[in-house]
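For the sequence shown, counting from 1, position 263 maps to 291 in our numbering; every step adds exactly one. Notes for the one structure printed next.
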Amino acid sequence: MPSWGRTEPGTARAAGLFAVFAAAVFLAQPVRAADSPPLDNKARAQVRSLADQGQALYDKGDFKGAVESFSKAEAIAPVPTVQVALAKALLKLGRLTQAAAFYEKASNAEVTAESPPSLIEAVAQAKNDLRELLLRVPTLEIAASAGVSGIAIDGRPIPPLELSAPIRLDPGDHRVTAEGLPSQRISLAPGDRKRIVLAPPPAPEETNWRYVGGIAGIGVSAVALGIGIASTVRMVQLGRDFDRYRVVSPYSAQPDICAFAEQTENDPALLVDSRAIVSICKQTTVFTVLQLVMYPLHAGAAAGGIYLLMTSGGSAKKPAASAFLSPRVGLGAAALDLSVQF
């Protein structure tokens, strides 16, 4: 049978616990739960066998196997000696939070002056080791806004009551999730104390369509005004060109120069001038129509845009908007460059 008094580095206080483990199991009734049935001889023998096996595996460095054996023993006899041994094996695997839980169980065991010395010493050691271990166990505080539910860490659901205090976690990377929220990854080093906030994203503000419509109306008004002005400028240029032909024969004698130019458009003698006059007449018609349409459109769009802006209010979202208007007038044509951004 392996020695229960073997001293491990950093565990000198535990050296004497295992030497009297068998006696502790037989005398452990005072520290067992009130509703736990007393151990019979078969159960005691099974606990001792599992504990011996666990310690042998621990001595060999098979800490996973030791955890399995000590866990089975603790399930049968949840006494401080077994819980301390289990906690130490868990520490070797880096499972700090589970080790702290078993140290707490051992620390909370009620012992009396009549309890076996090994149990009294196990409780004392558990309290001392727990104080040191809690300095190394990282914690994560989760601040959840109202309405956030389904919180889990690494897939383990977290009850709402557990959120009232920092949650102990093993060092390493962890993933925090909640219903309807993107997951958060957090890395914890030994001794870390971190806090995260889980809150739903703010609801998008409702777009103020009156404001948008007002800006659009002002933009249309500016475009219409620009086209109207460009049309007027072009009409002045066309008028000057038209006046030059009005005093030249044979057009000066015609009551309707445009009609005469169309009739003589294919006359070799008048071909160039007649075609120029026909072009002037057609452009005049186009720009006259544009003036008749664009100036009233400018006035109406401006009035509507101003009204919508004045009644848009200030609570809803107002997207940034801008318009750039650049009229261009040349000798032969007029154009308007418009750039609008919302």
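Ideal placement from N, C-alpha and C gives every residue a C-beta, glycine not left out.
In the three-state reduction of the DSSP assignment, T235 falls in the strand class. According to the DSSP secondary-structure assignment, G200 is paired through a beta bridge with L216. In this structure, D201 lies away from R184, with their beta-carbon atoms at least 8 Å apart. Distances from the CA of L158 to each of R303, C286, A115, S97 were compared; the closest alpha carbon is that of A115.
Between K310 and A327, the alpha-carbon positions lie close to 27 Å from each other.
When beta bridges are read from the DSSP output, T313 appears opposite no residue. Linking P66 to P106 through their CA atoms gives a straight-line distance of about 12 Å.
In this structure, L168 sits away from A128, with a CB-CB distance that is not shorter than 8 Å.
Taking the Cβ atoms as the reference, I243 lies roughly 19 Å from M322, outside the contact range of under 8 Å. Setting aside the 5 residues that flank it on each side, A217 is surrounded in the same chain by P166, P199, each with a C-beta closer than 7 Å to its C-beta; the list follows chain order. When only Cα atoms are considered, V204 and K120 end up about 26 Å apart. Taking the Cα positions, V240 is about 27 Å away from A258. Spanning the alpha carbons of A103 and P228 requires a straight line of approximately 42 Å. Per the DSSP secondary-structure output, R223 pairs in a beta bridge with E169.
Burial check for G333: the Cβ neighbour count within 10 Å reaches 16 or more, so the residue is buried. Counting along the chain, the unbroken alpha helix (DSSP H) around R72 starts and ends at 69 to 88. The C-beta distance from A141 to A154 rounds to 18 Å, too long to fall under 8 Å, and the pair is not in contact. With fewer than 16 other Cβ atoms inside 10 Å of its own Cβ, Q291 counts as exposed. Bounds of the alpha helix (DSSP H) holding I148 are 145 to 162.
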